[in-house]
Amino acid sequence: MEVLPEAGFLNYHHLRYFWTVATEGSLRRASEKLRVSQPSMCTQIKLLEASLGETLFRPSGRSLELTEFGQLVCGYAEEIFTLGGEILRTTKQAPGVRSLRLHVGIVDSFPKLMSYDILRPVLEHEPPVQLTCHEGKLADLVSQLNTHRIDVVLSDEPISPGIAGKAFNNLLGTSDVTFCAMPGFAKKLKGRFPRNLDGAAALLPTHNCNLRRDLEKFFGSIGVQPCVVAEFEDAALTKIVATSGKGFIAVPTVVESEVVERYGFVLLGRTKEVQTQFYAITAERRFTHPAIIAITKKLRTARKKTKA
793 MEVLPEAGFL NYHHLRYFWT VATEGSLRRA SEKLRVSQPS MCTQIKLLEA SLGETLFRPS
853 GRSLELTEFG QLVCGYAEEI FTLGGEILRT TKQAPGVRSL RLHVGIVDSF PKLMSYDILR
913 PVLEHEPPVQ LTCHEGKLAD LVSQLNTHRI DVVLSDEPIS PGIAGKAFNN LLGTSDVTFC
973 AMPGFAKKLK GRFPRNLDGA AALLPTHNCN LRRDLEKFFG SIGVQPCVVA EFEDAALTKI
1033 VATSGKGFIA VPTVVESEVV ERYGFVLLGR TKEVQTQFYA ITAERRFTHP AIIAITKKLR
1093 TARKKTKA
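All residue numbers for the sequence shown refer to the numbering used here, where the first residue is 793 and numbers rise by one.
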């Protein structure tokens, strides 16, 4: 008779049985894959449920489906066993050829073209670095940073004291803001920039974004009130919608040329009154990962060239 594990102890064999059933979609397929009898697997999963204190599966017709708690545990199990597989693959490699890994969290409002420019040194790094990018909300990404599921977060705003956990803001750079739109839309604007934005259709970031708040202050300071027709959290989606000619957008001036070339926009004007900032948020005050060090080194070099 199997004894229940003591409180605070997680049996990874039981967790693997649960994870296999969850990913295979049925007890029968999981049993065949692991070559373990179905009654035995049921027993192991019940022991796991007892140790965790909650139910992982619920009946759904002739099959099983994950409970909300089961979905949460399955997500962690996925990471645990994926990481275990990486450990095995890495340790089988010769010491001189073991690859580095970098998990980067990118806030959804962070400009994607800027992300690529920042991460380019990682793709060119020697020895090679295996890069994995995750996109999401700042608070969620910082939470993953604190549990070491990602190494660095790229954000267009610093973390505030209200966000739980320990993390450090590292300013990568700042940029003015450029306003642009499709040629057909631009031709309909009357007057000169920035007065021609008054009443013009605008595609702007949502209010929870620093850039939106700064744009509102700028518009108010010059007595301009654009007509906001749509708001977006995703910077890339904003640009795609703007290609339909439905409104003007605001982008960091540092990616202006790439945005114009890629999407076919024309410039409406620029302002230094609005500044966008770019941060690398890390769990440690000092950079230790070779790929992150390469990123900051390239950015410092680029800033020196700009000043020169």
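Each residue gets a CB set at the ideal place from its N, CA and C atoms; glycine is no exception. Model, not experiment: these values are computed from the prediction.
A contact is defined here as three or more CB-CB pairs under 8 Å, and the stretch 1048–1062 fails this definition with respect to the stretch 934–950. Relative to the Cα of LYS1031, the nearest Cα in the group ASN962, ASP909, PHE902, LEU819 belongs to PHE902. In this structure ILE1087 is in contact with ILE910, their Cβ atoms being roughly 6 Å apart against a cut-off of 8 Å. Under the 8 Å Cβ criterion, the stretch 1072–1087 counts as touching the stretch 957–968, having at least three qualifying pairs.
Across the set ILE837, PRO1082, ASP1026, CYS1001, the C-alpha of ASP1026 shows the shortest separation from the C-alpha of GLU927. Bounds of the beta strand (DSSP E) holding PRO1044 are 1041–1044.
LYS979: not part of any beta strand (DSSP E); member of the alpha helix (DSSP H) spanning 975–980, first to last residue.
Secondary structure of ALA993 (DSSP, three-state): strand. Under the three-state reduction of DSSP, CYS866 is assigned to helix. Inclusion of GLY1039 and LEU995 in the CB contact set at 8 Å is warranted, their separation being smaller than that value. Cα atoms of PRO1082 and ASN1002: separation of roughly 30 Å, rounded to the nearest angstrom.
For the alpha helix (DSSP H) assignment, the uninterrupted runs of no fewer than 4 residues enclosed by the stretch 890–944 are, from N- to C-terminal side, 904–915, 930–938. Per DSSP, reduced to three states, the secondary structure at ILE872 is helical. The closest CA to that of GLN922, considering only LYS929, MET974, PRO913, is found on PRO913. ARG850 carries a strand assignment under DSSP once its states are collapsed to helix, strand and coil. In the DSSP secondary-structure assignment, CYS972 is bridged to ILE1041, LEU1059. Bridge pairing for GLY877: absent [DSSP]. Pairwise C-beta distances place the stretch 831–848 in contact with the stretch 803–817, as three or more of them are shorter than 8 Å. Judged by DSSP secondary structure, GLU841 falls outside any beta strand (DSSP E) and instead within the alpha helix (DSSP H) spanning 830–844. When DSSP states are grouped into helix, strand and coil, GLU1025 belongs to the coil group. In the DSSP annotation of this structure, the continuous segment of the beta strand (DSSP E) that includes SER855 starts and ends at 855–858. GLY862 and PRO851 have their alpha carbons spaced roughly 13 Å apart. In this structure, the CA atom of LYS979 is about 15 Å from the CA atom of THR1035.
The Cβ atoms of SER967 and VAL896 lie no closer than 8 Å to each other. If you compare the alpha carbons of ILE1014, ILE1084, VAL1043, ASN803 with that of LEU946, the shortest gap goes to ILE1084. Take PRO950, set aside five residues on each side of it, and the residues of its chain with a beta-carbon closer than 7 Å to its own are ASN961, TYR1071, in chain order.
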